[in-house]
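Numbering (the UniProt record's numbering), first residue to last: 1 to 167.
A virtual CB, placed ideally from N, CA and C, is assigned to each residue, including glycine.
For clarity, every value in this text was computed on a predicted model and none was experimentally measured.
Worksheet for the structure shown next.
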């Protein structure tokens, strides 16, 4: 099966946790959700005014996407408009990640900051600084049973063009 509807480079590709949908997004400003078993489009989101740099599933049907225009949208299958939009970075948002429980969303940017967004109160609860150049990727630590340090507190790590990783 080949999934091909985009008209530009693809920057985001991610399966939902159940494996029922594949999310693909990119430079053409669209996010397409594909049914993994049939290869049919479930929904095409053309909400963005700028290229999409990353996307991350929150739940089986909800996801966030970040753009070069400093916005991060939270979307849900079946809805035509974003559930919410977070703004606060001063430059493009390069990557986003939901925490393991899907309660908070972390973002990183060319403005050398990481932000942690509370999706229930729709605000930034942490504005983390420390990198000296653009941050291009972030990752939450695992918090599931069976890991090496199951009682470790939730934390976010980031890596940037300053050649460092911040924990």
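Three or more Cβ pairs drawn from the stretch 94 to 109 and the stretch 52 to 68 lie within less than 8 Å of each other, which places the two stretches in contact. For residue 18, same chain residues with a beta-carbon under 6 Å away, outside a window of 5 residues either side, are 60 in chain order.
With distances taken between CA atoms, residue 126 lies nearest to 114 out of 77, 31, 159, 114. Residue 83 has no beta-bridge partner at all, per DSSP. Under the three-state reduction of DSSP, residue 137 is assigned to strand.
Between the stretch 132 to 148 and the stretch 117 to 124 there are fewer than three C-beta pairs closer than 8 Å, too few to call the two in contact.
The three-state secondary structure of residue 119, taken from DSSP, is coil. Of the residues 87, 108, 45, the one whose Cα lies closest to the Cα of residue 26 is 45. Its chain contains 26, 28 as the residues whose beta carbon lies nearer than 6 Å to that of residue 6, once the 5 sequence neighbours on both sides are disregarded; these appear in chain order. Around residue 104, the same chain offers 98, 116, 117, 118, 119, 125 as residues with beta carbons nearer than 8 Å, after the five sequence neighbours per side are excluded. The beta carbon of residue 35 sits closer than 6 Å to the beta carbons of 42 from its chain, once the five residues preceding and following it are set aside; these are given in chain order. Ranking 111, 152, 102 by CA distance to the CA of residue 16 puts 102 first. Assignment of beta-bridge partners to residue 160 by DSSP yields 135. Bounds of any beta strand (DSSP E) do not take in residue 59, whose DSSP letter is neither H nor E. Look at residue 129 here: in three-state DSSP terms it is strand.
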